[in-house]
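Chemist: Which chain is which? The protein sequence lines are Y and V, in order.
The first sequence lines up with residues 0 to 390 when you count with numbering that gives the first Met the number 0.
The second sequence lines up with residues 0 to 320 when you count with numbering that gives the first Met the number 0.
Backbone N, C-alpha and C fix where the C-beta goes; we use that ideal spot for every residue, glycine too.
So that we are looking at the same thing, I have put the structure below in structure tokens.
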Amino acid sequence: MTRIAVTGDDAVAEAAKSVNPDVVAAYPITPQTIIVERFADFVADGEVDTEFVTVESEHSAMSACVGASSAGARVFTSSASAGLMLMYEIIFVAASSRTPIVMAIANRAISGPINIHGELTDQMLFRDSGWVSMFSEDNQEAHDQTIMAFKIGEHPNVLLPVGVGLDGFIISHAIEGIEPVSREVTQKFLGGERKAALKLDTTKPLSIGLLHLQDYYMEARAQVRDAHERSRKVILEVFNEWEKLTGRKYKPVESYKMDDAEYAFLTMGSTAGNARTAVDDLRAKGEKVGLIKIRVYRPFFGDDVTELCKNLKGLITIERSHNFGGPGGILSSDIKSALFNKRLSPLLAEYTIGLGGRDTLIKDYYSIYNRSKEAFNTGKSLPLFWWGVRE
Amino acid sequence: MTIEIPKYKLKDLVDKPTYFSGGHRLCAGCAAGSMARQVTMAFNKPTMIFNSTGCLEVASTIYPFSAWEVPWLHVAFENSAAVASGAEAAIKAMIKKGTYTAGKTDIVIFGGDGGTYDIGIQAISGTLERGHDLLYILYDNGAYMNTGIQRSGGTPFGASTTTSPAGKVVPGNTQFRKPITDIIAAHRIPFVATASPAYPEDLIGKVRAGLDVDGPAFLHVEASCNRGQRFDPAKSIEYVSLATQTCMHPLYSVIDGEYQLSRPSARIAKDPSKKVPLEDYLKLEGRWRHFFKPVRREELINKFQAEVDKRWAELLKKAGY
Numbered sequence: 000m001t002r003i004a005v006t007g008d009d010a011v012a013e014a015a016k017s018v019n020p021d022v023v024a025a026y027p028i029t030p031q032t033i034i035v036e037r038f039a040d041f042v043a044d045g046e047v048d049t050e051f052v053t054v055e056s057e058h059s060a061m062s063a064c065v066g067a068s069s070a071g072a073r074v075f076t077s078s079a080s081a082g083l084m085l086m087y088e089i090i091f092v093a094a095s096s097r098t099p100i101v102m103a104i105a106n107r108a109i110s111g112p113i114n115i116h117g118e119l120t121d122q123m124l125f126r127d128s129g130w131v132s133m134f135s136e137d138n139q140e141a142h143d144q145t146i147m148a149f150k151i152g153e154h155p156n157v158l159l160p161v162g163v164g165l166d167g168f169i170i171s172h173a174i175e176g177i178e179p180v181s182r183e184v185t186q187k188f189l190g191g192e193r194k195a196a197l198k199l200d201t202t203k204p205l206s207i208g209l210l211h212l213q214d215y216y217m218e219a220r221a222q223v224r225d226a227h228e229r230s231r232k233v234i235l236e237v238f239n240e241w242e243k244l245t246g247r248k249y250k251p252v253e254s255y256k257m258d259d260a261e262y263a264f265l266t267m268g269s270t271a272g273n274a275r276t277a278v279d280d281l282r283a284k285g286e287k288v289g290l291i292k293i294r295v296y297r298p299f300f301g302d303d304v305t306e307l308c309k310n311l312k313g314l315i316t317i318e319r320s321h322n323f324g325g326p327g328g329i330l331s332s333d334i335k336s337a338l339f340n341k342r343l344s345p346l347l348a349e350y351t352i353g354l355g356g357r358d359t360l361i362k363d364y365y366s367i368y369n370r371s372k373e374a375f376n377t378g379k380s381l382p383l384f385w386w387g388v389r390e
Numbered sequence: 000m001t002i003e004i005p006k007y008k009l010k011d012l013v014d015k016p017t018y019f020s021g022g023h024r025l026c027a028g029c030a031a032g033s034m035a036r037q038v039t040m041a042f043n044k045p046t047m048i049f050n051s052t053g054c055l056e057v058a059s060t061i062y063p064f065s066a067w068e069v070p071w072l073h074v075a076f077e078n079s080a081a082v083a084s085g086a087e088a089a090i091k092a093m094i095k096k097g098t099y100t101a102g103k104t105d106i107v108i109f110g111g112d113g114g115t116y117d118i119g120i121q122a123i124s125g126t127l128e129r130g131h132d133l134l135y136i137l138y139d140n141g142a143y144m145n146t147g148i149q150r151s152g153g154t155p156f157g158a159s160t161t162t163s164p165a166g167k168v169v170p171g172n173t174q175f176r177k178p179i180t181d182i183i184a185a186h187r188i189p190f191v192a193t194a195s196p197a198y199p200e201d202l203i204g205k206v207r208a209g210l211d212v213d214g215p216a217f218l219h220v221e222a223s224c225n226r227g228q229r230f231d232p233a234k235s236i237e238y239v240s241l242a243t244q245t246c247m248h249p250l251y252s253v254i255d256g257e258y259q260l261s262r263p264s265a266r267i268a269k270d271p272s273k274k275v276p277l278e279d280y281l282k283l284e285g286r287w288r289h290f291f292k293p294v295r296r297e298e299l300i301n302k303f304q305a306e307v308d309k310r311w312a313e314l315l316k317k318a319g320y
């Protein structure tokens, strides 16, 4: 395959082009991503057959996506930050309406104060919406996962929307080489056009979005819960199939140099890149350290995480996301729950880093490692710490 | 292409199938149900309905029951126009790819006054501006009746609601109804009209015209709500017809920018003595009780009548009278 040098946004747009969705509805709220601009070029040049709906708000973008997907169409959109926040009401309905929309999210900090730079909090906050939610480490992953997302979401055992995160600027605007997947390969992988079993069909009238009161609401929500559970198997199957097709291996939870590791960084998204380099450097100095990367955030593959943690002396969670007043960070709270479920209690140091796009350099990882290990050596865990913030 | 509004006769309409079945849970006397049934009588090809949150949505589709016999989708309160625009785009794309086989499909949206005048207006404006081929039907009972009779941008002057109660100082809703039809017509879409369930032949003809026109269409239907407007349910259609007879809700169409009065209002235009004084309508409904009791509020009645007269005169001018 030929390699091309593109930004993460372009990598996603190229993926969407290979999918050739029926409908793309999107809105350029601050912050805008170039994904839909590039896709608009494809529409203008006749390279896709898509109806491109330039809606008047992000709320309407997700609404139009739900309408289109309910009509049986294959649907793509993208968003981030403030725009994503405006979509929230409909994000939940998209899951309960079982519309397998795919949304690329160039993850950016949320207002306020207004900021436009990279941070994963925007996407992590809809963890309870019913969407399958995954994150990318680099441009290739953003490209690949955009295509795989359609296959996961549209699987008859799943029928859920899928969010694919790519860190704002760090991935979305940075140029890297990728191997793009061709239209032909993508179409074969997806099995042709979407085949929606349940949709607005004038030959089989169906009402969707009914009022469920005390007598049925829990069952309706339980159906989303069950679909989410079933998605675990489908995600693994789709990742395996992708590996056979492209040679690129994907796992919900990935590890690097974990075999004999005594300590590990655990992170998600582009942060894994720097963490990986830090692991190499620390290993060169004789440190027994590895890396755990969460790719699929929802559903959460907790057992895969704990399996990697069972021999650790200390775990260092590093997340480019934040919350207030919780029992830890957003991600580290999940990790702690997963460990508790397995009665595992490695020493833990939790970090929030790089909010609003602030750089976290490889040398910061050395410092984080040393600070954490020092505590671990005295048998102590460290509570959530916002790295680099000027107090 | 200029569209003609089909002229139906009641005796022909009785044989038409409806796609809104009985057994729904709308209140006795609710004109939304009458309107919904009349609207579906205009259907003549595959049709889908998109419904904003509201009485009609809630009462027609309490799971596991649905009163709708055509595909129907509810997503939220403020976005039914956007939802329908997505479906319209989807059908277009799938027809192009050969994956949609039902052929030309009509798209109808129902939104109440809250979902249209207020929280939904952005999505509606965007949908109209983008030129999607669909019909938006506003059923306007003058307040957020579903959630407990709160005022909306469509609440008429003086009406007492739970958020604009008639008190010792404030005499109900202090604003005049937002001129929604003018706002929609300003989008220069090919078909805009008003209608009333009290005039079914007119309403059904306008629904058909709105669906047949190529591009967006909008129909503003006045609908009575005996609970929120406070009157005897048996009087629902009679009272809603007074909104037209008083010229508070005149019936007309704006086709390609051209205003034309529909029969019930054209009658009044030709013979102004047929125009019923607004007071005759106001005194029948509890929402305006404070205009008359404990003391008659002449200045409120006159103020409301003056505004109705002004808007009617403007309409007459636009319609060439």
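Does D123(Y) come out as helix, strand or coil in the three-state DSSP assignment?
Modeler: The sequence position of residue 123(Y) within the first sequence is 124, counting from 1. Checking the sequence, you will find Met at residue 123(Y) rather than Asp. Reduced to three states, the DSSP call for M123(Y) is helix.
Chemist: Candidates Y251(V), A66(V), A194(V): which alpha carbon is nearest S223(V)'s?
Modeler: Locating residue 223(V) in the second sequence gives position 224, where the first residue counts as 1. Cα-wise, what sits closest to S223(V) is A194(V).
Chemist: Let me know if T276(Y) comes out buried or exposed under the rule of 16 or more other beta-carbons within 10 Å of its beta-carbon.
Modeler: Numbered from 1 along the first sequence, position 277 holds the residue referred to as residue 276(Y). Looking at its Cβ environment, which holds fewer than 16 other Cβ atoms inside 10 Å, T276(Y) is exposed.
Chemist: Which residues mark the beginning and the end of the beta strand (DSSP E) in which H58(Y) is found?
Modeler: Locating residue 58(Y) in the first sequence gives position 59, where the first residue counts as 1. Unbroken run through H58(Y) is the alpha helix (DSSP H), 57-69; no beta strand (DSSP E).
Chemist: I believe I151(Y) touches V233(Y) by the beta-carbon criterion, under 8 Å. Please report the beta-carbon distance rounded to the nearest angstrom.
Modeler: Along the first sequence, one-based indexing puts residue 151(Y) at 152. Along the first sequence, one-based indexing puts residue 233(Y) at 234. Indeed they touch by this definition, with Cβ atoms about 6 Å apart.
Chemist: Taking the alpha-carbon of S96(Y) as reference, which of E13(Y), K198(Y), P326(Y) has the nearest alpha-carbon?
Modeler: Along the first sequence, one-based indexing puts residue 96(Y) at 97. Checked all of E13(Y), K198(Y), P326(Y); the closest Cα to S96(Y) is K198(Y).
Chemist: For V69(V), tell me which candidate among I108(V), M93(V), E77(V) has the shortest Cα-Cα distance.
Modeler: In the second sequence, residue 69(V) corresponds to position 70, counting from 1. Out of I108(V), M93(V), E77(V), I108(V) has the C-alpha closest to the C-alpha of V69(V).
Chemist: Could you check the C-alpha separation between P232(V) and P63(V) for me, to the nearest Å?
Modeler: Position 233 of the second sequence holds residue 232(V). Position 64 of the second sequence holds residue 63(V). Roughly 27 Å separates the two Cα atoms.
Chemist: Does the beta-carbon distance from E50(Y) to M86(Y) come in below 8 Å?
Modeler: Walking along the first sequence from the start, residue 50(Y) turns up at place 51. Walking along the first sequence from the start, residue 86(Y) turns up at place 87. Contact: no.
Chemist: Contact defined as beta carbons within less than 8 Å: I believe S252(V) pairs with S261(V). What is the distance between those atoms, to the nearest angstrom?
Modeler: On the second sequence, residue 252(V) is found 253 positions in, with the first residue counted as 1. On the second sequence, residue 261(V) is found 262 positions in, with the first residue counted as 1. Right, their Cβ atoms sit about 7 Å apart.
Chemist: To the nearest angstrom, how far is the alpha carbon of G85(V) from that of D200(Y)?
Modeler: For the purposes of this step, residue 85(V) is taken as the residue at position 86 of the second sequence. For the purposes of this step, residue 200(Y) is taken as the residue at position 201 of the first sequence. Whole-angstrom Cα-Cα distance: 15 Å.
Chemist: With respect to the beta strand (DSSP E) encompassing I174(Y), which residues constitute its N-terminal and C-terminal limits?
Modeler: Counting from one through the first sequence, the residue named residue 174(Y) turns up at place 175. It spans 174-177 - the beta strand (DSSP E) in which I174(Y) sits, taken as one unbroken run.
Chemist: Using 8 Å as the threshold, is the segment 176-185 of chain Y in touch with the segment 46-59 of chain V, meaning 3 or more CB pairs across them?
Modeler: Judged by Cβ distances under 8 Å, the segment 176-185 of chain Y makes no contact with the segment 46-59 of chain V, as fewer than three pairs qualify.
Chemist: Give the interface partners of V82(V) over in chain Y, defined as CB-CB distance under 7 Å, in chain order.
Modeler: Here residue 82(V) is taken as the residue at index 83 of the second sequence, counted from 1. Under the 7 Å cutoff, chain Y gives S62, A63, V65, G66.
Chemist: Between which two residues does the beta strand (DSSP E) carrying Q259(V) extend?
Modeler: For the purposes of this step, residue 259(V) is identified with residue 260 of the second sequence, where counting begins at 1. Taken as a continuous stretch (DSSP letters only), the beta strand (DSSP E) holding Q259(V) covers 257-260.
Chemist: Which ranges does the alpha helix (DSSP H) cover as unbroken runs of at least 4 residues, wholly within the segment 232-282 of chain V, from first to last along the chain?
Modeler: 235-244, 262-269, 277-281, all fully within the segment 232-282 of chain V.
Chemist: So, does the CB of P27(Y) fall closer than 8 Å to a CB anywhere in chain V?
Modeler: Position 28 of the first sequence, counted from the first residue, corresponds to residue 27(Y). For P27(Y), the answer is no, since every Cβ of chain V falls outside 8 Å of its Cβ.
Chemist: Compute the Euclidean distance between the alpha carbons of L360(Y) and K248(Y), then round it to the nearest angstrom.
Modeler: In the first sequence, counting from the first residue as 1, residue 360(Y) sits at position 361. In the first sequence, counting from the first residue as 1, residue 248(Y) sits at position 249. Whole-angstrom Cα-Cα distance: 27 Å.
Chemist: What does a CB cutoff of less than 7 Å around M267(Y) pick up in its chain, not counting 5 residues either side in sequence?
Modeler: Numbered from its first residue, the first sequence carries residue 267(Y) at position 268. Around M267(Y): L119, F134, K292, I293, Y296, E318, L330.
Chemist: For the segment 305-332 of chain Y, which segments carrying the beta strand (DSSP E) assignment without a break, of at least 3 residues, lie completely within its bounds, in sequence order?
Modeler: Runs of the beta strand (DSSP E) inside the segment 305-332 of chain Y: 313-318.
Chemist: Whole angstroms are fine: how far does the CA of N369(Y) sit from the CA of F384(Y)?
Modeler: Counting from one through the first sequence, the residue named residue 384(Y) turns up at place 385. Counting from one through the first sequence, the residue named residue 369(Y) turns up at place 370. C-alpha separation (whole angstroms): 14 Å.
Chemist: Select from E192(Y), S59(Y), G285(Y), S371(Y) the residue whose C-alpha is nearest the C-alpha of G125(V).
Modeler: The residue labelled residue 125(V) in the question sits at position 126 within the second sequence. With distances taken between Cα atoms, G125(V) lies closest to S59(Y).
Chemist: Since I believe A80(V) is in contact with R24(V) (beta carbons under 8 Å), could you give me their beta-carbon distance rounded to a whole number of angstroms?
Modeler: Here residue 24(V) corresponds to residue number 25 of the second sequence, with the count starting at 1. Here residue 80(V) corresponds to residue number 81 of the second sequence, with the count starting at 1. At roughly 25 Å, the Cβ-Cβ gap does not stay under 8 Å, so R24(V) and A80(V) are not in contact.
Chemist: Hey, out of L241(V), K302(V), P178(V), whose CA is closest to E313(V)'s CA?
Modeler: By one-based count along the second sequence, residue 313(V) stands at place 314. Measuring from the Cα of E313(V), the nearest candidate turns out to be P178(V).
Chemist: Leaving out five residues before and five after D280(Y) in sequence, what residues of the same chain have Cβ atoms less than 8 Å from its Cβ?
Modeler: Residue mapping note: residue 280(Y) aligns to position 281 of the first sequence, counting from 1. Cβ neighbours of D280(Y) beyond the five flanking positions: I361, Y365.
Chemist: With a threshold of 16 other CB atoms inside 10 Å of the CB of G256(V), please say whether the residue is buried or exposed.
Modeler: Within the second sequence, numbered from 1, the residue matching residue 256(V) stands at position 257. Burial call: exposed.
Chemist: From which residue to which residue does the beta strand (DSSP E) around S77(Y) run?
Modeler: Walking along the first sequence from the start, residue 77(Y) turns up at place 78. 74-78 is the extent of the beta strand (DSSP E) around S77(Y).
Chemist: So G85(V) is in the alpha helix (DSSP H); what residue range does that whole segment cover?
Modeler: Within the second sequence, residue 85(V) is the residue found at index 86, counting from 1. Per DSSP, G85(V) belongs to the alpha helix (DSSP H) from 79-96.
Chemist: Taking the beta strand (DSSP E) that T266(Y) falls in, what are its first and last residues?
Modeler: As a working note, residue 266(Y) is residue 267 in the first sequence. Per DSSP, T266(Y) belongs to the beta strand (DSSP E) from 262-267.
Chemist: Report the residue from E390(Y), P20(Y), G313(Y) whose alpha carbon sits nearest the alpha carbon of K379(Y).
Modeler: Taking the first sequence and counting its residues from 1, the one referred to as residue 379(Y) is at position 380. Of the listed residues, the one whose Cα sits closest to K379(Y) is G313(Y).
Chemist: Give the DSSP-derived three-state secondary structure of R229(V) in the structure shown.
Modeler: Here the question's residue 229(V) lines up with position 230 in the second sequence. Note: R229(V) maps to coil in three-state DSSP.
Chemist: Whole angstroms are fine: how far does the CA of L338(Y) sit from the CA of L382(Y)?
Modeler: As a working note, residue 382(Y) is residue 383 in the first sequence. As a working note, residue 338(Y) is residue 339 in the first sequence. Strictly speaking, residue 382(Y) in this sequence is Pro, with Leu absent from that position. Between P382(Y) and L338(Y), the C-alpha separation is close to 16 Å.
Chemist: Which chain Y residues are close to R129(V), counting only those with a beta carbon under 9 Å from its beta carbon?
Modeler: Locating residue 129(V) in the second sequence gives position 130, where the first residue counts as 1. In chain order: V52, T53, V54, E55.
Chemist: How big is the Cα-Cα spacing for H131(V) and E349(Y)?
Modeler: Counting from one through the second sequence, the residue named residue 131(V) turns up at place 132. Counting from one through the first sequence, the residue named residue 349(Y) turns up at place 350. Roughly 51 Å between the two C-alpha positions.
Chemist: Any contact between the segment 247-261 of chain Y and the segment 122-130 of chain Y? By contact I mean 3 or more CB pairs, one from each, below 8 Å.
Modeler: No: the two stretches stay apart, fewer than three of their Cβ pairs being nearer than 8 Å.
Chemist: Using CA atoms only, rank isn't needed, just tell me which of L244(Y), P112(Y), A81(Y), D143(Y) is closest to K16(Y).
Modeler: Within the first sequence, numbered from 1, the residue matching residue 16(Y) stands at position 17. That would be D143(Y), whose Cα lies nearest to the Cα of K16(Y).
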